[in-house]
Each structure stands twice: as C-alpha cells, then as structure tokens.
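To start, the structure itself, in structure tokens.
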Amino acid sequence: MIRVFITGASSGIGAALARAYAGQGAVLGLVARREAELQALRASLPRAEQHRIYALDVTDHLALAQAAESFIADVGGAEIVIANAGISQGTLTEFTEDLPVFERIIAVNVVATAATFSPFVARMKALPPEQRRICRLVGIGSVAGIRGLPGAEAYSASKAAVISYCESLRIELRASGIKVVTIAPGYIATPMTQVNHYKMPFLMPVERFAAKAASAIAGGVSYRVIPWQMGVVAKLLRLLPNCLYDFAFARAPHKKRNL
-9 MIRVFITGAS SGIGAALARA YAGQGAVLGL VARREAELQA LRASLPRAEQ
41 HRIYALDVTD HLALAQAAES FIADVGGAEI VIANAGISQG TLTEFTEDLP
91 VFERIIAVNV VATAATFSPF VARMKALPPE QRRICRLVGI GSVAGIRGLP
141 GAEAYSASKA AVISYCESLR IELRASGIKV VTIAPGYIAT PMTQVNHYKM
191 PFLMPVERFA AKAASAIAGG VSYRVIPWQM GVVAKLLRLL PNCLYDFAFA
241 RAPHKKRNL
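Take the sequence shown: its position 93, counting from 1, is numbered 83 in the numbering used here, and each next residue is one higher.
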C-alpha cells in the first residue's frame, strides 16, 4: 500500500493526481483550502473512507505541519509527497499594487513547497534503505520557469525557484536514496489555464497528464516536462540567445492582472 500526501488537491492537477493514485489503491492525504471540494473529491474516490482531508492554506506552515503529522500518525507515514499547491496571476513590477500579489505567489508556489516536504524528510531518512528507495518528494514546476515570460514575472520567478530548489534538494538527498522529482507541466486543461485567452500549444487533458506524471514519479526521474513536446520547445527556447528570445517574446500575450 502506497501512501501519498498531496497539496492543492481540490481541483486541477492535484485532484487528477488524487484520482490516479486512488485508482492504484493508494491511501491519500489531501490538502487544500476548500473543504467542500475536498469532501466531494474524497467521496468520488475508491475506498473513500481510507483517505484523509485537511482544509488549510499552505502558507500557514503550522497548520500544514500539523496536517502532515496527523497523516503520518493515522497511516504510518508517506512514500510520496507532492507539493502541488500553486497559484498563477499576471503581475507587472511597475505597479506597486502588484507587490502583494508577488509575495502571495512566492509564498504559495515556493516557500510552501519546502514547508510541505519538511515534516517528511527526517522520517523518510530514518527508514531502512529498501524503504527509502521508494520514497519520493515531488515539486511541481512549470515550463514558465525555464525562461521568463512577460507579464508573468512573479509566476515565472516562482517556478524557476521551484526547479532550482528541487535540484538542490535532490543532490542533498542523493546519498539517502530518497528521490526528488521535478514535474514541469506545459499547458494542461485545468481551471488555471481556462482563464488564458490565448493559444496554448500542446494543451493536454489533465487526467492524461496525471497518468504520465504518476509514471514519472514511480520511475524516480529527476526532471520531466509534460507533455514531451513542450519539453522540446523549452530546450530550444533555453538555447536561444537573449537577443533572439527577447525579440520573439516581446509581444507575447500576458496573463490577466488581478485588477
């Protein structure tokens, strides 16, 4: 029996991952702010009674740690921890009213990733070697973190930080056998992308994404862009000289600001 702890679980990628793992027989700890949505998700899952839900804001680190402790106490631990909670909003540095939005995005997307992993690391390291080898800490990055996108300054910065943070943690935990996996979604059909009023190449259904992500996590890959086509695009964009990248994206569509 695999035990999986997922933040941002009430909708989108988090809910799809919950359905994917529940279908594999996993016991789930599901975290999100919206309790009614969590309850509805749990009720829809196989063996609903075995899953735990925790309604909280991931920026409340004490509440998040208490939820992790409760899950560990109830089910005995976790083999997979997925820091999926994330928010996206258009931001522009020139507007001082966007600074609180910057702070919120960094707090949810970056700091809460570390806060999600923190209660589990020491316990995973204390396991016997054969058990540590199946342990996974999973950070959800984004293709938007590979090169900065105009109008998404905070979101791009936050996802670049998640990618670098997970790389640091991966190297730090390498000797323990615990795998740190970074999943970088491209455009996935979720409520987050439904508000984008521009073309989204290689848009992938969320259930298909979840199946591919779960496979990558099981394999313990260090880094995976999903869908793979966006991985190719991302590599090409990373190779572009700044002058060409700047020219190509100067007129790219912007995410809507929270006006």
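Glycine is no exception: its CB is placed at the ideal position from the N, C-alpha and C atoms. Computed from a predicted structure; not experimentally measured.
- Taking all protein chains shown into account, Arg37 has fewer than 16 neighbouring C-beta atoms within 10 Å of its C-beta and is therefore exposed.
- Gly131 is a Cβ neighbour of Ile153, given a cutoff of 8 Å.
- For Arg247, same chain residues with a beta-carbon under 6 Å away, outside a window of 5 residues either side, are Gly80 in chain order.
- In the DSSP assignment, Ala165 is bridged to no other residue.
- Cβ neighbours of Gly(-2) within its own chain (closer than 7 Å, five residues either side excluded): Gly4, Ala22, Asn74, Ala75 and Gly76.
- Just so you know, the alpha carbons of Leu226 and Ala57 end up roughly 41 Å apart.
- Residue state for Ile207 is assigned as helix, using DSSP reduced to three classes.
- Val133 is a Cβ neighbour of Ala174, given a cutoff of 8 Å.
- Approximately 14 Å separates the beta-carbon atoms of Gly13 and Val196; this is outside 8 Å, ruling out the contact.
- With a cutoff of 8 Å on beta-carbon distance, Ile70 and Ile(-8) are scored as near each other.
- Taking a C-beta distance under 8 Å as the contact criterion, Tyr155 and Thr106 do not qualify as a contact pair.
- DSSP lists Leu20 as the beta-bridge partner residues of Ile43.
- Remark: C-beta atoms of Val91 and Ala151 do not approach each other more closely than 8 Å.
- The alpha-carbon of Leu46 is positioned some 7 Å away from that of Leu54.
- For Thr103, the enclosing alpha helix (DSSP H) starts and ends at Ala102 to Lys115.
- Between Ile(-4) and Ile72, the CB-CB gap stays under 8 Å.
- When C-alpha distances from Tyr145 are compared across Val171, Gly15, Val98 and Val65, the shortest belongs to Val98.
- About 17 Å separates the beta carbons of Tyr44 and Gly66, which is beyond the 8 Å limit, so they are not a contact pair.
- The beta-carbon separation of Val171 and Ala206, rounded to 7 Å, stays under the 8 Å limit for a contact.
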